[in-house]
Amino acid sequence: MKVGVVGAGTYGSVLINAYYGAHRRGEIEFAAIADINPDTLKSMDEKYGIKGYTDYREMFDKEGLDAVAVVTPDYLHEEVVLEAAKRKIHILAQKPLSTDIEQGKRMIQAAKENNVMLYVDFHKRFDPAHIQLRNAIKEGKLGEIEYGYVCMEDKILVQSGLRTGRRTVRRPGSSASISLT
Ligand SMILES: NC(=O)c1ccc[n+]([C@@H]2O[C@H](COP(=O)([O-])OP(=O)(O)OC[C@H]3O[C@@H](n4cnc5c(N)ncnc54)[C@H](O)[C@@H]3O)[C@@H](O)[C@H]2O)c1
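Read in the numbering used here, the sequence shown has 1 at position 8, and its numbers run on one by one without any break.
Below you can see the structure in the form of structure tokens.
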């Protein structure tokens, strides 16, 4: 499977590192990275030797990707998702999919129309510790759950601009920790 990443910032670089590992193990072909910042691409090239594009559309057109991870700021997911869907590229979009419900609907619609997968990266669902807790509850190992407590681990701020000239808006965050008694 040929994979690309759009957005090599704070979280994109985490994914890039993981994809590079998968690439080296022969599990995927990590083809290219797109970021509007040439310095970011230069540092990624130095670290991983993965080809970089400042225009993700050019990457889509030239690389023949099967799948792309969209790791741009929340408010910029839509344009990348729509361009990928149009080219029949499967999409892993970062959470939250969008900060605007209509944008979210347009992305889902585009994925359906183009018959591509659009998955939101709720990777905690695959976290062994979370799975273990879920299984323990399902199997009745913790008895009957009578009370649950969920709390936010992060600030309720999301990015509303690029980091250069960063602005934030107050919106619900998305990380939570859960305790059950
Ligand atoms: N799944 C998770 O657990 C998790 C964790 C952290 C962040 N996120 C999400 O990841 C996304 C990115 O967050 P971040 O903290 O890495 O942001 P960031 O600002 O650190 O990185 C964003 C990157 O996107 C690049 N970019 C912006 N516009 C672009 C465009 N048009 N084309 C190509 N590149 C472009 C920027 O240059 C920057 O390098 C957000 O949606 C965030 O909510 C998800």
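The C-beta atom is built at its ideal place from N, Cα and C for all residues, glycine as well.
Using the rule of at least 16 other Cβ atoms within 10 Å of the residue's Cβ for burial, across every protein chain shown, is His83 buried or exposed? Taking the sequence shown and counting its residues from 1, one reaches residue 83 at position 90. It is buried - the Cβ of His83 has at least 16 other Cβ atoms within 10 Å.
Starting from Tyr112, trace the beta strand (DSSP E) both ways and give me its first and last residue. Reading the sequence shown from its first residue, position 119 is the one you call residue 112. Taken as a continuous stretch (DSSP letters only), the beta strand (DSSP E) holding Tyr112 covers 111 to 113.
Run through the DSSP bridge pairs and tell me what Ile63 is partnered with. Residue 63 sits at position 70 when you count from the first residue of the sequence shown. Checking the sequence shown, residue 63 turns out to be Val, not Ile. According to DSSP, Val63 bridges with Val(-1), Ala86.
For my contact list, Glu71 and Arg99 are in at a C-beta cut-off of 8 Å; report their separation, rounded to the angstrom. Within the sequence shown, residue 71 is the residue found at index 78, counting from 1. Within the sequence shown, residue 99 is the residue found at index 106, counting from 1. About 6 Å; that satisfies the 8 Å criterion.
Taking the alpha-carbon positions, what's the Thr92 to Tyr68 distance? Residue 92 sits at position 99 when you count from the first residue of the sequence shown. Residue 68 sits at position 75 when you count from the first residue of the sequence shown. Linking Thr92 to Tyr68 through their CA atoms gives a straight-line distance of about 6 Å.
With DSSP as the reference, label Tyr4 as helix, strand or coil. Translated into positions along the sequence shown, residue 4 becomes position 11. Annotated three-state conformation of Tyr4 is helix, per DSSP.
For Leu34 and Glu51, what's the separation of their Cα atoms in angstroms? Residue 34 sits at position 41 when you count from the first residue of the sequence shown. Residue 51 sits at position 58 when you count from the first residue of the sequence shown. One C-alpha to the other measures close to 15 Å.
Can you tell me the Cα-Cα spacing of Arg80 and Asn107, whole angstroms? Taking the sequence shown and counting its residues from 1, one reaches residue 80 at position 87. Taking the sequence shown and counting its residues from 1, one reaches residue 107 at position 114. Taking the straight line joining both Cα atoms gives about 8 Å.
According to DSSP, what are the bridge partners of Phe23? Start at 1 with the first residue of the sequence shown, and residue 23 comes out as number 30. Note: Phe23 sits in a beta bridge opposite Val(-4).
Check whether the segment -4 to 7 and the segment 15 to 28 are in contact - that is, three or more C-beta pairs closer than 8 Å. yes
Gln87 Cβ short of 7 Å to ligand 1 heavy atom set: Along the sequence shown, read from residue 1 onward, the residue named residue 87 stands at position 94. Flag set: Cβ of Gln87 near ligand 1.
Can you tell me which of the three DSSP states Leu14 falls into? The sequence position of residue 14 within the sequence shown is 21, counting from 1. In the sequence as displayed, the identity of residue 14 is Gly instead of Leu. Three-state DSSP puts Gly14 in a helix.
Measuring only from the beta carbon, is Asn30 closer than 7 Å to any heavy atom that is part of ligand 1? To locate residue 30, count along the sequence shown from 1; it is residue 37. Distances taken from the Cβ of Asn30 to the heavy atoms of ligand 1 include one shorter than 7 Å.
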